[in-house]
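Residue numbers (the numbering used here): 3 to 352. One structure below.
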């Protein structure tokens, strides 16, 4: 009975998001800027010297443009958000973008990027959060985008996962963060850095900002295998992430108080990742990757087989979500079910 009610509610949410977007018709914000890691990346790693790039098949198998560098079988979260915001096209990646595109939006996200500069260094080149902000500053200054316009734009940030996956919980001696910090100390350390970068964006005109929390990393196929004994979610990994999300949500309130003209909202992915929610949404495989992944790897093997019913899978590879999962995260945030204190729809028009 409860599952049926929950399923009905979630379908109402999805319908609500789409209806709100359709009724708006016009573009809700003049421009949209994207920052983050592989969850948001749409091609910025393609030409970098890194192992973290996915411009090959089967990535993009369900995307009209084929393999573009998106870490999914189809659209990622910013793609859905751009659609919901009324944009006629997806936000282009920073790689190859012209300064003029800063007038409508640019995606700066980079696979393996972290809040900390050293995060993921062992995987090769990546564009850290700090470098993404520097790239943004260069683009808007070169294009001479008016500050008044930038203050009306939407900014979404998804960063922090790699500071756990490719730093704190990395096995071996590549990083010493887990030996230096407790879970709470590490979260506080990351949030202090996050705050300073957020202040830089504010100076550059960011006023409408959505901060996406870290998901249940312990439930990714990668962490189930390495830290969960191969069976069920790695509880300790999820426990480590919780104080980061708690502090990030508090940062939203703190920042809005200190900068009264800023409108920030927190998108809670972690709490919504429950067996009941997955079942209600039609996901039947929540712990395995849809694509074929070689032993000791986390990304899809080149041109290898993928699952037939991709709509039923939460994870595309061992870390990244499917288009179906991305769609519901975006819709829920837009409709305000997982976003606090503002839905993305409301944030856009404030």
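All C-beta atoms, glycine included, are put in the ideal place defined by N, C-alpha and C. These figures come from a predicted structure and were not determined experimentally.
Return helix, strand or coil for residue i, following the three-state DSSP convention.
i, result
"residue 1", "Residue 1 is absent from the structure shown; the chain starts at 3 and stops at 352."
"residue 61", "coil"
"residue 72", "strand"
"residue 190", "helix"
"residue 271", "coil"
"residue 308", "strand"
"residue 144", "helix"
"residue 34", "strand"
"residue 283", "coil"
"residue 341", "strand"
"residue 137", "helix"
"residue 47", "coil"
"residue 156", "strand"
"residue 301", "coil"
"residue 266", "strand"
What do you get for residue i, buried or exposed, if any count of 16 or more other CB atoms within 10 angstroms of its CB means buried?
i, result
"residue 296", "exposed"
"residue 307", "exposed"
"residue 351", "exposed"
"residue 66", "exposed"
"residue 278", "exposed"
"residue 148", "exposed"
"residue 91", "exposed"
"residue 158", "buried"
"residue 311", "exposed"
"residue 39", "buried"
"residue 55", "buried"
"residue 181", "exposed"
"residue 333", "buried"
"residue 198", "exposed"
"residue 211", "buried"
"residue 218", "buried"
"residue 242", "buried"
"residue 141", "buried"
Within the continuous beta strand (DSSP E) that includes residue i, where are the two ends?
i, result
"residue 93", "Segment: none, residue 93 is in no beta strand (DSSP E) and carries neither H nor E."
"residue 213", "210-214"
"residue 316", "315-317"
By Cβ distance below 7 Å, which residues in the same chain neighbour residue i in space, the five residues on each side in sequence not counted?
i, result
"residue 318", "74, 75, 291, 292, 293, 324"
"residue 6", "Legend: pLDDT at residue 6 = 46, less than 50; position of this residue unreliable, value from coordinates given subsequently. So no residue of the chain qualifies."
"residue 130", "115, 116, 119"
"residue 93", "34, 36, 80, 84, 107, 108, 109"
"residue 145", "101, 102, 104, 105"
"residue 162", "117, 192, 216, 246"
"residue 127", "50, 51, 52"
"residue 300", "224, 319, 320, 321"
"residue 254", "213, 266, 267, 268"
"residue 13", "Here residue 13 scores only 49 on pLDDT, less than 50, and its place in the model is too uncertain to base an answer on."
"residue 263", "209"
"residue 204", "261, 264"
"residue 32", "151, 154, 155"
"residue 183", "191"
Taking the alpha helix (DSSP H) that residue i belongs to, which residues open and close that run?
i, result
"residue 325", "325-337"
"residue 86", "79-86"
"residue 288", "Note, residue 288: premise wrong, no alpha helix (DSSP H); beta strand (DSSP E) at 287-291."
"residue 250", "237-260"
"residue 161", "Note, residue 161: premise wrong, no alpha helix (DSSP H); not H, not E."
"residue 350", "346-351"
"residue 151", "149-152"
"residue 128", "No alpha helix (DSSP H) holds residue 128; DSSP gives it neither H nor E."
"residue 294", "It is not in any alpha helix (DSSP H) - residue 294 carries neither H nor E in the DSSP assignment."
"residue 182", "179-182"
Kindly list the residues whose CB is nearer than 8 Å to the CB of residue i, restricted to its own chain and excluding five residues on each side of it in sequence; keep chain order.
i, result
"residue 169", "116, 118, 120, 121, 122, 177, 179"
"residue 348", "338"
"residue 273", "340"
"residue 226", "220, 232, 233, 234, 235, 236, 289"
"residue 186", "245"
"residue 46", "71, 95, 96, 97, 109, 110, 111, 112, 113, 129"
Residues in its own chain within less than 6 Å of residue i by CB, not counting five upstream and five downstream?
i, result
"residue 335", "269, 341, 346"
"residue 371", "Since the first residue of the chain shown is 3 and the last is 352, residue 371 is not available in this structure."
"residue 137", "96, 110"
"residue 235", "220, 221"
"residue 329", "82"
"residue 63", "75"
"residue 304", "58"
"residue 41", "160"
"residue 60", "293, 302, 308"
"residue 195", "117"
"residue 238", "none"
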